[in-house]
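S.K.:
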Amino acid sequence: MSTQQSVLFDAPGPRARRAILVGNVIGAVVVLGVAALVLVALGRKGQLAPELWSSLFTSDAWQYYFIPGLQNTLRAAGFAIVGALAFGLVFGTGRLSHLRAVRIVSGIVVEFFRAVPVLLMMIFFWLLLGLSKVDDAPFLAVVFALVLYNGSVIAELVRSGVGNLPRGQSEAGLAIGLTAGQTLRSIQLPQALIAMLPALVSQLVVVLKDSALGQIITYNELLRAAQLYGVGNGNILQSLVLAAVIFIVINWLLTLVARWLSRFLSGRTAGATAAGPGIGNPTVVAGGPTEDAPAVSATR
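Position one of the sequence shown corresponds to residue 1 (UniProt numbering), numbered consecutively onward.
#1: Can you look up residue 253 in the DSSP assignment and give me helix, strand or coil?
#2: Assess contact between the stretch 47-58 and the stretch 206-225, defined as three or more Cβ pairs (one per stretch) separated by less than 8 Å. Is contact present?
#3: What's the gap between the Cα of residue 226 and the Cα of residue 74?
#4: Here's the rule I'm using: 16 or more other beta-carbon atoms within 10 Å means buried, otherwise exposed. How should residue 27 be labelled?
#5: Could you please give the first and the last residue of the uninterrupted alpha helix (DSSP H) stretch that includes residue 126?
#6: Going by CA-CA distance only, name the one from 230, 206, 234 that's closest to residue 81.
#7: Return the first residue and the last residue of the alpha helix (DSSP H) that residue 198 is part of.
#8: Am I right that residue 217 and residue 122 are in contact with their C-beta atoms under 8 Å? What's the rounded C-beta distance?
#9: Assign residue 39 to buried or exposed, taking buried as 16 or more other Cβ atoms, counted over all protein chains shown, within 10 Å of its Cβ.
#10: Leaving out five residues before and five after residue 109 in sequence, what residues of the same chain have Cβ atoms less than 7 Å from its Cβ?
#11: Is the CB-CB distance between residue 204 and residue 254 below 8 Å?
#12: Whole angstroms are fine: how far does the CA of residue 187 sit from the CA of residue 237?
#13: Between the beta-carbon of residue 100 and the beta-carbon of residue 152, is there less than 8 Å?
#14: I need the straight-line Cα distance from residue 25 to residue 144, nearest angstrom please.
#15: Go through its chain and collect everything with a Cβ distance to residue 242's Cβ below 6 Å, but skip five positions before and after it.
#16: Taking C-alpha atoms, which residue in 76, 67, 155 lies nearest to residue 112?
#17: Compare the C-alpha of residue 162 against each of 149, 195, 178, 250 and name the closest.
#18: Give a yes or no on whether the C-beta atoms belonging to residue 199 and residue 158 are separated by under 8 Å.
#19: Indicate the three-state DSSP secondary structure (helix, strand or coil) for residue 245 in the structure shown.
#20: Alpha carbon to alpha carbon, what distance is there between residue 12 and residue 71?
#21: Taking only three categories from DSSP, how would you classify residue 219?
#22: Going by Cα to Cα distance, which pick from 142, 130, 102, 182 is closest to residue 215?
#23: For a quick check, are the C-beta atoms of residue 105 and residue 149 less than 8 Å apart?
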């Protein structure tokens, strides 16, 4: 066979396909029924009135509330994502170090910040920075908390991703003269990052969503801006719905970027593999023997 397929489960037969179709139809009917009941209840309460929704699309609403709130959300999430990735790579590789002291310290740091709730860290840094009279304390508190918590999760992803690679990867690096650290950085870590990209993107989405917790410490991000606008205009439900839609769109775009990045990195890895005749044996090249490696007869 020219193409090998790995079958993890039996393909459903005609009866199973009919059962799946019936289940999907029933599920869709139930969801539509619940949605209809919710809309009817909202209509009875007057929450579907056009004037409550139309005010969300005025220039004042976006200029003074939603756009500044969105900018603050993206600002905090952007700094937190960069910091969390750096934190995760440093302490993730630290947990894989051949030095016992580095492994212990990295493990303590990662496990501690994974265990502390991110909201508690936000409040702690907010109070600490406020007492120190630091400017923009809510923003810094949000970023610090998101970096420490999500960076610890990413560090564990790095550790588990490298640990799940075949042992032959590290053995190959050691066989060609690389040190354990060079093998980790040059061979294992790039492959682990590609393999764990879906989980990594999910964690980055968590960073973006957790930035909404900043409204509790008065950080004027998107959720807080929507609440302020809704309270002032009597349409808080509608404002929160719009904020939710904006979050969904941003997370969807982040997922699209991650898919493109995954295909790009996979293509580069495949290209490097395809272009590697002679890897592990520098004297053998695709074009034939070299001066250092004379031709070997096909027969003996």
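The C-beta atom is built at its ideal place from N, Cα and C for all residues, glycine as well.
M.R.: On the basis of the supplied data:
#1: helix
#2: no
#3: Cα-Cα distance, rounded: 15 Å.
#4: exposed
#5: 118-131
#6: 206
#7: 197-210
#8: 6 Å
#9: exposed
#10: 91
#11: yes
#12: 51 Å
#13: Judged by their CB atoms, residue 100 and residue 152 are not nearer to each other than the 8 Å cut-off.
#14: 46 Å
#15: 56
#16: 155
#17: 195
#18: no
#19: In this structure, residue 245 counts as helix in the three-state DSSP scheme.
#20: Going from the Cα of residue 71 to the Cα of residue 12 covers about 48 Å.
#21: coil
#22: Residue nearest to residue 215 within the set 142, 130, 102, 182 is 142 (criterion: CA-CA distance).
#23: No, the Cβ-Cβ distance between residue 105 and residue 149 is not below 8 Å.
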